[in-house]
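When you read off a place in the sequence shown, starting at 1, and then add 6, the result is the number in the numbering used here. Backbone N, C-alpha and C define an ideal beta-carbon position, used for all residues, glycine too. Keep in mind it's a predicted model, so treat the numbers as computed, not measured. A quick write-up on the structure given underneath.
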Amino acid sequence: MKLSIIIPVFNEEVSIVDVIKNVQDIEIPKVTKEIIVVDDGSTDATASVISKFRSQNSNLKIITHKKNQGKGAAVITGIKHATGEYIIIQDADLEYNPQFIIKLVEPIL
Numbered sequence: 007m008k009l010s011i012i013i014p015v016f017n018e019e020v021s022i023v024d025v026i027k028n029v030q031d032i033e034i035p036k037v038t039k040e041i042i043v044v045d046d047g048s049t050d051a052t053a054s055v056i057s058k059f060r061s062q063n064s065n066l067k068i069i070t071h072k073k074n075q076g077k078g079a080a081v082i083t084g085i086k087h088a089t090g091e092y093i094i095i096q097d098a099d100l101e102y103n104p105q106f107i108i109k110l111v112e113p114i115l
């Protein structure tokens, strides 16, 4: 099973790396994770932070909107690039603990 995890992000330079690392660290037996970060036109250092992190973690998909279009548009962009059978949205500000992903996927497995 392949799970696409979309992380829409806007001006989250402080938390985005922690969120990505937390999502990467989740281990779900029999599940391959695809992490898609959609930068929705951030005006802070989010883009450079993501780019620097990606240089050490090539398994990330990063898509960038040139200007802010809103979270819904970022989610739609992520869905268009997702290749998993299932899709989950993970907030970039850690509003939701990435560990909850395991609980969401358990009934499917």
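Taking 8 angstroms as the upper bound for CB-CB distance, Ile-22 and Thr-70 are not in contact here, some 13 angstroms apart.
Beta-bridge pairing by DSSP links Leu-9 to Lys-39, Tyr-92.
In terms of CA proximity to Leu-115, Glu-91 leads the group Val-55, His-87, Ile-42, Glu-91. Contact between Val-15 and Val-37 is ruled out by a C-beta separation of about 23 angstroms, above the 8 angstroms threshold. In the displayed model, Asp-46 falls within a strand according to three-state DSSP. Straight-line measurement puts the Cα of Asn-74 at about 17 angstroms from the Cα of Ile-85.
Proximity of the stretch 97–107 to the stretch 53–61 falls short of the contact definition, fewer than three beta-carbon pairs being nearer than 8 angstroms.
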